[in-house]
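K.L.:
In the working numbering, each number is its position in the sequence shown, counted from 1, plus 129.
Here's a structure for you.
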Amino acid sequence: IFDAMPNDCTPIAVEITADAVDLVNFVHPERACYIFGPENGSISSEILEKCQSVVKIPTTMSLNLGMTVNIVMYDRLAKSTRKRNA
């Protein structure tokens with residue numbers, strides 16, 4: 130994964146961990162590579178350790194992978210649009 134990533138991209142894991150940052154409070158890097166875990170498991174600790182940040186979506190319901198990707202990408206777009214218009 131990391132060998133295929135451009136050097137100027139910041140690896141961001143999207144996973145539920147004790148120290149994950151809520152997506153609501155997360156500031157997306159300008160160039161990010163988001164790493165999502167599988168629906169039936171989690172991201173390995175080796176990958177999590179190499180990520181600059183771990184982000185979680187604050188919710189009480191279970192989300193499938195497609196929903197998770199859409200929420201994170203929408204959040205990124207909404208925050209970048211607000212920043213440009215400010």
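For every residue, glycine included, the Cβ atom is placed at its ideal position computed from N, Cα and C.
May I ask you to verify whether the stretch 202-212 touches the stretch 172-180, counting CB pairs closer than 8 Å and requiring at least 3?
P.N.:
The count of Cβ pairs closer than 8 Å, one atom from the stretch 202-212 and one from the stretch 172-180, stays below three, leaving the stretches out of contact.
K.L.:
Identify whether residue 132 lies in helix, strand or coil by the three-state DSSP scheme.
P.N.:
The residue labelled residue 132 in the question sits at position 3 within the sequence shown. Three-state DSSP puts residue 132 in coil, outside helix and strand.
K.L.:
To the nearest angstrom, report how far apart residue 184 and residue 213 are at their CA atoms.
P.N.:
As a first step, residue 184 must be located in the sequence shown, where it is residue number 55. As a first step, residue 213 must be located in the sequence shown, where it is residue number 84. Approximately 23 Å, taken between the alpha carbons.
K.L.:
Tell me, to the nearest whole angstrom, how far the beta carbon of residue 194 is from that of residue 155; I am working on the premise that it is less than 8 Å.
P.N.:
As a first step, residue 194 is located in the sequence shown; it is residue number 65 there, counting from the start. As a first step, residue 155 is located in the sequence shown; it is residue number 26 there, counting from the start. The pair is not a contact, with the Cβ atoms about 19 Å apart (cut-off 8 Å).
K.L.:
Can you tell me where the beta strand (DSSP E) with residue 182 in it begins and where it stops?
P.N.:
Counted from its first residue, the sequence shown places residue 182 at position 53. First-last of the beta strand (DSSP E) with residue 182: 182-185.
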